[in-house]
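**Q** Chains as they are written, first to last, in our numbering: chain A, 83 to 409; chain B, 395 to 734; chain C, 7 to 269. All residues carry an ideal CB built from backbone N, CA and C; glycine is no exception. Please read all numbers here as calculations on a predicted model, not as lab measurements. Starting off with a structure, shown below.
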Amino acid sequence: MGINGKIVTKNAYRITKTRNKTALRIRVPGGYIKVKHFTLIQSIAEEYGDGTVHITTRQGFEIPHIDFDKIAQINKKIRPLIESLGLDIEVTDYGYPAAGTRNISACVGSRICPQANNDTTKIARKIERTIYPNDFHFKVAITGCPNDCIKAHMQDFGIICTTDPQYDANRCISCKACVKNCKKNVTGALEMNNFNVKRDAEKCIGCGECILKCPIGAWSRGETPYYRMVIMGRTGKKNPRIAMPFIKWSSEDVVVGVIKNTYAFVGRHIDRSLPKEHIGYIVDRVGYQVFKQEVMEGLKLNKKIQIAENIQWHGYYYKQDNQFKSI
Amino acid sequence: MGYKLSPLAFDYYLKALRNTYRIFAPVLQKGKGKFAGTDVISYGEINSLDDIMLDRKSYFSPKEVLYPIRETLFYFLNDETKAPAINVKPILILVRPCDLNGIGKLDRVFLNNGQEVDFYYARRRELIKFAMIECVEGFDTCFCVSMDSNVANNYDMAVRFDEDNITVKVVDKSLITKDLTHADTAIFEPAFIQENKVKVTIPEVDLVTKKTFDHELWEEYTSRCIACGRCNTSCITCSCYTMQDIKLSDDKKIGERRRVWAGCHIDGFTNMAGGHNFRKKNGEKMRFKTMHKINDFYKRFNEHMCVGCGRCDDVCPEYISFSKCINKLNAIVREETLHE
Amino acid sequence: MNNPYLPDAYKILDIKKETQIDYTFKIAYEGALVGGQFMEISIPGVGEAPISICNYDDSSLEMTIRKVGNLTDQIFNLEKGDTLYMRGPYGNGFNLDHYRGKDVVFIAGGTGLAPIRKTIDHFVNNPDEVKNLEVLIGFKSPKDRLFIDDIDRWSEKNCVTVTVDQGDDSWTGKTGLITTHIDKLDLTNISEKIAVVVGPPIMMKFMLFELIKKGFKEKNIWVSFERKMSCGIGKCGHCKIDETYVCLEGPVFNYTTAKALID
Numbered sequence: 083m084g085i086n087g088k089i090v091t092k093n094a095y096r097i098t099k100t101r102n103k104t105a106l107r108i109r110v111p112g113g114y115i116k117v118k119h120f121t122l123i124q125s126i127a128e129e130y131g132d133g134t135v136h137i138t139t140r141q142g143f144e145i146p147h148i149d150f151d152k153i154a155q156i157n158k159k160i161r162p163l164i165e166s167l168g169l170d171i172e173v174t175d176y177g178y179p180a181a182g183t184r185n186i187s188a189c190v191g192s193r194i195c196p197q198a199n200n201d202t203t204k205i206a207r208k209i210e211r212t213i214y215p216n217d218f219h220f221k222v223a224i225t226g227c228p229n230d231c232i233k234a235h236m237q238d239f240g241i242i243c244t245t246d247p248q249y250d251a252n253r254c255i256s257c258k259a260c261v262k263n264c265k266k267n268v269t270g271a272l273e274m275n276n277f278n279v280k281r282d283a284e285k286c287i288g289c290g291e292c293i294l295k296c297p298i299g300a301w302s303r304g305e306t307p308y309y310r311m312v313i314m315g316r317t318g319k320k321n322p323r324i325a326m327p328f329i330k331w332s333s334e335d336v337v338v339g340v341i342k343n344t345y346a347f348v349g350r351h352i353d354r355s356l357p358k359e360h361i362g363y364i365v366d367r368v369g370y371q372v373f374k375q376e377v378m379e380g381l382k383l384n385k386k387i388q389i390a391e392n393i394q395w396h397g398y399y400y401k402q403d404n405q406f407k408s409i
Numbered sequence: 395m396g397y398k399l400s401p402l403a404f405d406y407y408l409k410a411l412r413n414t415y416r417i418f419a420p421v422l423q424k425g426k427g428k429f430a431g432t433d434v435i436s437y438g439e440i441n442s443l444d445d446i447m448l449d450r451k452s453y454f455s456p457k458e459v460l461y462p463i464r465e466t467l468f469y470f471l472n473d474e475t476k477a478p479a480i481n482v483k484p485i486l487i488l489v490r491p492c493d494l495n496g497i498g499k500l501d502r503v504f505l506n507n508g509q510e511v512d513f514y515y516a517r518r519r520e521l522i523k524f525a526m527i528e529c530v531e532g533f534d535t536c537f538c539v540s541m542d543s544n545v546a547n548n549y550d551m552a553v554r555f556d557e558d559n560i561t562v563k564v565v566d567k568s569l570i571t572k573d574l575t576h577a578d579t580a581i582f583e584p585a586f587i588q589e590n591k592v593k594v595t596i597p598e599v600d601l602v603t604k605k606t607f608d609h610e611l612w613e614e615y616t617s618r619c620i621a622c623g624r625c626n627t628s629c630i631t632c633s634c635y636t637m638q639d640i641k642l643s644d645d646k647k648i649g650e651r652r653r654v655w656a657g658c659h660i661d662g663f664t665n666m667a668g669g670h671n672f673r674k675k676n677g678e679k680m681r682f683k684t685m686h687k688i689n690d691f692y693k694r695f696n697e698h699m700c701v702g703c704g705r706c707d708d709v710c711p712e713y714i715s716f717s718k719c720i721n722k723l724n725a726i727v728r729e730e731t732l733h734e
Numbered sequence: 007m008n009n010p011y012l013p014d015a016y017k018i019l020d021i022k023k024e025t026q027i028d029y030t031f032k033i034a035y036e037g038a039l040v041g042g043q044f045m046e047i048s049i050p051g052v053g054e055a056p057i058s059i060c061n062y063d064d065s066s067l068e069m070t071i072r073k074v075g076n077l078t079d080q081i082f083n084l085e086k087g088d089t090l091y092m093r094g095p096y097g098n099g100f101n102l103d104h105y106r107g108k109d110v111v112f113i114a115g116g117t118g119l120a121p122i123r124k125t126i127d128h129f130v131n132n133p134d135e136v137k138n139l140e141v142l143i144g145f146k147s148p149k150d151r152l153f154i155d156d157i158d159r160w161s162e163k164n165c166v167t168v169t170v171d172q173g174d175d176s177w178t179g180k181t182g183l184i185t186t187h188i189d190k191l192d193l194t195n196i197s198e199k200i201a202v203v204v205g206p207p208i209m210m211k212f213m214l215f216e217l218i219k220k221g222f223k224e225k226n227i228w229v230s231f232e233r234k235m236s237c238g239i240g241k242c243g244h245c246k247i248d249e250t251y252v253c254l255e256g257p258v259f260n261y262t263t264a265k266a267l268i269d
């Protein structure tokens, strides 16, 4: 059997360890899917696979043990799943148009979670519409608050929803609930000053905890939601590292625009002699300043936005694992 | 005197009243709920019928209209003290019967407790007239009927809001404007809710003993209550406050003393200078509040403090239900009495 | 309308250092007072606190203030001739009629001596008004003693016991917790004997327990409560215990009432 690995991979099927068997990866942006699609997933798994699915680390489904020659049939059937993504492109009978940009994952967000500052599901779907079917290998995740349950810090682009807390001194009863909590659980951005709460805007990460803790509504959410974006976190066999803050107090447009612009950046700078060069390594090679300049190009910046002057990524190289000794 | 008004006519009526009164009602504060994308209903000044939010219970009570969350008592200047002037334009508040009765409890404390009348409460209270919102259905957590506060008669005006029209009964003649004299007259007596979904039985005041105070029930609340104080801030009858002194000049010659709402569940309420604290455990705070609301206020004023508005149930992040607490307490007291 | 919250400025006539952290402020004041009542004293922009009146005459009153926080720190910076803001008096104070003609023991722990000082003084100066007068006072250490001159004067004709929890090299008086000295009182007529007890919460608790155990009748015991009286006029709620507002009905209570008060 002859298979064009590149084509099937781009079609969201993967080469598996079992000869002649593939696995289909179903995108579920934000991990949000209507259950009516479960019957379709079930029928494909039962008819073409082994009756199982794997729930992927990025919140998608992977249906294993599929024969390669069934791809065309399956592609026709999964049309409703692709349609459910609500993309601006025309949906065909040929399956997923790309798979390099991974499923956009998101925590449950403000539809359910009291901590969340925003509707992460909605944002995930919006970003999916904007960047899919680009095929470069990007990992994007959206988390509702700086608790970062979705691990935005392990992504190429981690979007953290924030709020700009508004303080109404006339409602404040000086109970210190916000101050104590911020000190204990967040960054200690709040302190009491003459019975009023003083917020250090530099220390504030916009988590919204003060709003949640306030028993009297002296703290409330600002009208505009804001985002913090952390970038170029990664796992992998070479240099795993946590994503670092790139912009804060950003508008949604800027956050989305940055990701969109990064595709062009990668297009310009990727080393095509390699089988695959990952975005984080491209930024390492090209330099943060070039990256910053190119991805911010043409974006209409909101007034409150702050952009990192420099970024120093930490992380480590596996090859430096010299602190181990045999017993 | 009763009148039937179309929504448009009612708006004209409100407009006319606004010449004389600032009108307060429950309003939807868009996006101001604590959770993202949520609203909160609290009392605010209104201009028209559309501003009035009646579908849901207000999260905060109308208390803040007549008893501001923060209020400057006076300024110091050298050796002089001076109370600030307030806006003396009369106020009309739209309130449900439970809240109207609740304001009666505030009156007890601020006007009738001890020899002194609370100057600040009294001067604002004198400006206030009440438009009672007819309330016949209540909400899920209400237990006003059990608390005898479903009926109120000390209103200046009563209002029934129907889909197509608004009926008003005006008791205070000064609230009759030209707009009303042109309207259809109607015979209207406000009806009152007769049964809530939630019912409580208050343990007989005299049967509450030291044993009741020592009951393990309160331990349960020590483990559940986080003493966030939302029950206090949302309550129509909680009236406690704390003084704050603010230095306005470095030489200490100019200063301000104000009071801010406080409460038995709010941190530091019983802390004394020197470090002693009288109710450390949250269960003790819960016990104090419970007894105040349904036992000891009665001993002073011959009426219970709690009006059963149920806001404390609505706002508790730990899902502690005050009505359940009352019923549990009643069961305990009955049990104790049987075993005497 | 009368505004009960507005304090007036009063002149400090004298400041007497009792201990390192307790000063007695003599303040110009004219008006009716009862020993055991309290004033709300304040400094603009700093704060207000309830302080017991420990002495008074026609033109002045005295208050012994312990340095325990921001406000009292600032008050300690004041000097003779400076002004202090006050409003009051508040509370019931000690009703002398409850003790007249009786065999009375005044028991004070530490700063608890301040509110009863005036009452003790009254009976020391008018010995005919009581059948018998005894005073039992406990301090933490010799250097914590208050009103040393007064105590010496009282001791001239009365049975006054002063004990310290912990003595020092120069201390030749009694030592041990105040509760261990109850036996030294004249307890011959215990069922009729009146006890007035004022002190920190923990001292009060053990003292009352011991007195009842010894045979004092509950109705013959009087206490004064320390609470966070803030408004002084029954509004703010800070001093409320059960249906009782300490600022209105107290701070002096008969023990039959006091024992039923649960925080």
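1. Look at C/D192 and C/N138 and say whether their C-beta atoms are less than 8 Å apart.
2. Check whether the region 248–267 of chain A and the region 298–308 of chain A are in contact - that is, three or more C-beta pairs closer than 8 Å.
3. Does B/I446 come within less than 8 Å of chain C when only Cβ atoms are used?
4. I need the boundaries of the beta strand (DSSP E) containing B/Y615, first residue and last residue.
5. Which chain A residues are close to B/V434, counting only those with a beta carbon under 7 Å from its beta carbon?
6. With a cut-off of 8 Å, do at least 3 Cβ pairs link the region 260–271 of chain A to the region 207–227 of chain A?
7. Can you list the residues of chain A that B/C658 reaches, using a CB-CB cut of under 9 Å?
8. Can you tell me which of the three DSSP states C/C165 falls into?
9. Which runs of the alpha helix (DSSP H) fall wholly inside the region 562–617 of chain B and span at least 4 residues, in chain order?
10. What in chain B is Cβ-close to A/N267, meaning under 7 Å?
11. List, in chain order, every chain C residue whose beta-carbon is nearer than 8 Å to that of B/I485.
12. Check whether the Cβ atoms of B/D493 and B/C703 sit closer than 8 Å, and answer yes or no.
13. Look at the Cβ atom of C/Q43, then the Cβ atom of C/G115, and state whether they are nearer than 8 Å.
14. How close, in whole Å, do the beta carbons of B/E465 and B/Y437 come, if the pair is a contact with beta carbons under 8 Å?
15. Verify the CB distance criterion: does B/N696 have a CB-CB separation below 8 Å to chain C?
16. Three or more C-beta pairs closer than 8 Å, one from the region 223–233 of chain A and one from the region 615–627 of chain B: is that the case here?
17. Go through its chain and collect everything with a Cβ distance to C/D88's Cβ below 7 Å, but skip five positions before and after it.
18. Can you list the residues of chain C that B/F682 reaches, using a CB-CB cut of under 8 Å?
19. Quick check on the DSSP output: the alpha helix (DSSP H) that includes C/Q80 runs from which residue to which?
20. From B/P478, B/D556, B/K451 and B/L569, pick the residue whose C-alpha is nearest to that of B/K523; which is it?
21. Identify whether C/A264 lies in helix, strand or coil by the three-state DSSP scheme.
22. Going by DSSP, what residues sit across from B/R416 in a beta bridge?
23. Please compile the residues from chain B whose C-beta is within a distance smaller than 7 Å of the C-beta of A/P228.
24. Count the CB pairs spanning the region 104–111 of chain A and the region 197–213 of chain A that are closer than 8 Å, and state whether there are at least three.
25. With a threshold of 16 other CB atoms inside 10 Å of the CB of C/G215, please say whether the residue is buried or exposed.
26. So, for C/W160: in the same chain, excluding its five sequence neighbours on each side, which residues have a beta-carbon less than 7 Å away from its beta-carbon?
27. Below 8 Å between beta carbons is the criterion; list the residues of the region 642–656 of chain B that meet it against any residue of chain A, in chain order.
28. Regarding C/I27 and the ligand HEM, is the C-beta to nearest heavy atom distance less than 7 Å?
29. Measuring CB atoms only, is the region 360–375 of chain A touching the region 397–407 of chain B, in the sense that at least three cross pairs come out at less than 8 Å?
30. Mind checking if C/D88 is an interface residue toward chain B, Cβ cutoff 8 Å exclusive?
31. Assuming A/G131 contacts A/I148 (C-beta within less than 8 Å), just tell me the rounded distance between them.
32. Secondary structure at A/T344, three-state DSSP: helix, strand or coil?
33. Identify the contact partners of B/T636 in chain C, using a Cβ-Cβ distance below 8 Å as the criterion.
34. Report the option in B/V709, B/N721 and B/L471 whose CA atom is closest to the CA atom of B/L642.
35. In chain order, what residues of the same chain lie with their CB nearer than 6 Å to the CB of C/P257, ignoring the 5 residues before and after it?
36. What does B/E678 touch in chain C if you count any residue whose Cβ is under 8 Å from its own?
**A** If we stick to the structure as given:
1. In this structure, C/D192 sits near C/N138, with a CB-CB distance shorter than 8 Å.
2. yes
3. no
4. Careful: B/Y615 lies outside any beta strand (DSSP E), inside the alpha helix (DSSP H) at L611 to R618.
5. G299
6. no
7. Near B/C658 there are no residues of chain A at all, since even the closest Cβ is about 12 Å away, more than 9 Å.
8. strand
9. 572–575 and 604–608
10. Going along chain B, no residue has its Cβ under 7 Å from A/N267, so there is no contact; the nearest lies around 14 Å.
11. Near B/I485 there are no residues of chain C at all, since even the closest Cβ is about 18 Å away, more than 8 Å.
12. yes
13. no
14. Incorrect: roughly 16 Å between the Cβ atoms, too far for contact.
15. no
16. no
17. Contacts found: I18.
18. D269
19. N76 to F82
20. B/L569
21. helix
22. B/I485
23. None at all; the shortest Cβ gap to chain B is about 14 Å.
24. yes
25. Contrary to the premise, residue 215 of chain C reads as Phe rather than Gly in this sequence. By the neighbour-count rule (16 or more Cβ atoms within 10 Å), C/F215 is not buried but exposed.
26. Taken in chain order, the residues that qualify are I126, V130, V141 and V166.
27. V654, W655 and A656
28. As far as ligands go, the structure on display features none, and thus does not contain the ligand HEM.
29. no
30. no
31. About 5 Å separates the beta carbon of A/G131 from that of A/I148, a gap short enough to meet the 8 Å contact definition.
32. helix
33. Residues of chain C whose Cβ lies closer than 8 Å to the Cβ of B/T636 are, in chain order, S236, C242 and H244.
34. Comparing Cα-Cα distances from B/L642 to each of B/V709, B/N721 and B/L471, the minimum goes to B/L471.
35. G97, S230 and F231
36. D269
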